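Visitor: Please find one structure pasted underneath; my questions will follow.
Here it is as structure tokens:
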């Protein structure tokens, strides 16, 4: 429920925490650093932490005609580094577990940004997380009519309908659209199927955030990774699809497809399948990252697109199980 920013003053770069208090919006200085390039990753991570910690507290779990609150267990990770690994386990719901992944990523990025910082800066940022955590618990207790926790820091107002966090333009994971998209296809899943789906989601998230390929796109609700390498023509693309219970997608599949140029004039976009690698078991993160990172240009993908059934995509462990189209060499 806090928005972070930075500005230069008197030769230093101040990191500010802005929140809504009893008398409106006010800002306090968290700490100061020497350069904007140092402040930027700290501010980015703090804003993502604030958003991912706060948003689940103000929306309702509406799956299967529920109208329940989401858990708040994730808040402890703000002040207890030993608790952070719990953000990577659990199967409450696809959306809540997805938000926890983003919170874990933001906390990890904050640690990395602080790694080379002087001790006073590290201490000040940790104190800020304690203040955010404590103020949130106070507001939640007041909202629920529960006893107030032991917190004597500054008051930061929490509004479940209008959270004071900068997520609207930069964190689609927190949007109602993403949440409802997860809820729709989660409908009717057994507890076992849900747990398996969460595992698949974590794998895809890990791959998407471990890869260095700038052409990667992660469609979290569809459980799919899309990669279209740059290059002349840009006619081919690769997808990695995780299984989705209740659909025909029951195995991990790596596919190569070709854009259908006939639809270009219609303003639409569609792809024709070239080949599939239906995987016999759940792949490792390392295998998937290696495939994605190898796709630096269209030529590599074109070479892969000529792989015969029964052969592995060059340089990978993924065997082609079915071909649909032949691809004409463009070079």
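Residue numbers (the working numbering): 301 to 631.
Glycine included, C-beta positions come from ideal geometry on N, C-alpha and C.
Predicted model, so just to flag it, every value in this text is computed and none were measured.
Could you tell me if residue 529 is buried or exposed, where buried requires 16 or more neighbouring beta carbons within 10 angstroms of its beta carbon?
Guide: By the 10 Å Cβ count, residue 529 comes out buried.
Visitor: Have a look at residue 401 and residue 431 and give me their C-alpha separation to the nearest angstrom.
Guide: The alpha-carbon atoms of residue 401 and residue 431 are separated by roughly 22 Å.
Visitor: Can you check DSSP and say which residues form a bridge with residue 622?
Guide: Answer is 576.
Visitor: Leaving aside the five residues before and after residue 608 along the sequence, list all residues of the same chain whose C-beta is less than 8 Å from its C-beta, in chain order.
Guide: Only 620, 623 meet the Cβ criterion.
Visitor: Is it buried or exposed, residue 490, if we count other Cβ atoms within 10 angstroms and call 16 or more buried?
Guide: Answer is exposed; the Cβ neighbour count stays below 16.
Visitor: Would residue 343 pass as a contact of residue 305 if the rule is Cβ separation under 8 Å?
Guide: Yes, the pair counts as a contact, with Cβ atoms nearer than the cut-off.
Visitor: Please look up how many angstroms separate the CB atoms of residue 377 and residue 383, rounded, as I've assumed it's under 8 Å.
Guide: About 5 Å; that satisfies the 8 Å criterion.
Visitor: Which residue wins for smallest C-alpha separation from residue 346, given the options 498, 437, 317, 362?
Guide: Of the listed residues, the one whose Cα sits closest to residue 346 is 317.
Visitor: Who pairs with residue 541 in a beta bridge, going by DSSP?
Guide: Answer by DSSP bridge pairing, in chain order: 524, 553.
Visitor: Please classify residue 512 as buried or exposed, where buried requires at least 16 neighbouring CB atoms within 10 angstroms.
Guide: Counting Cβ neighbours within 10 Å, residue 512 comes out exposed, since fewer than 16 surround it.
Visitor: Following the continuous alpha helix (DSSP H) through residue 519, name the residue where it begins and the one where it ends.
Guide: Where residue 519 is concerned, there is no enclosing alpha helix (DSSP H), although the beta strand (DSSP E) it sits in stretches over 516–519.
Visitor: Is the beta carbon of residue 559 less than 8 Å from the beta carbon of residue 579?
Guide: It is not a contact, given that the beta carbons lie outside the stated cut-off.
Visitor: Using C-beta distances below 6 Å, list every residue in its chain close to residue 410, excluding the 5 sequence neighbours before and after it, in chain order.
Guide: Excluding sequence neighbours, residue 410 sits near 345.
Visitor: Whole angstroms are fine: how far does the CA of residue 615 sit from the CA of residue 582?
Guide: Taking the straight line joining both Cα atoms gives about 19 Å.
Visitor: Apply the 10 Å Cβ neighbour rule to residue 625 and answer buried if 16 or more other Cβ atoms are within range, or exposed otherwise.
Guide: With fewer than 16 Cβ atoms within 10 Å of its Cβ, residue 625 is classed as exposed.
Visitor: Using the DSSP secondary-structure output, state which residues sit across from residue 321 in a beta bridge.
Guide: Residue 321 pairs with 324.
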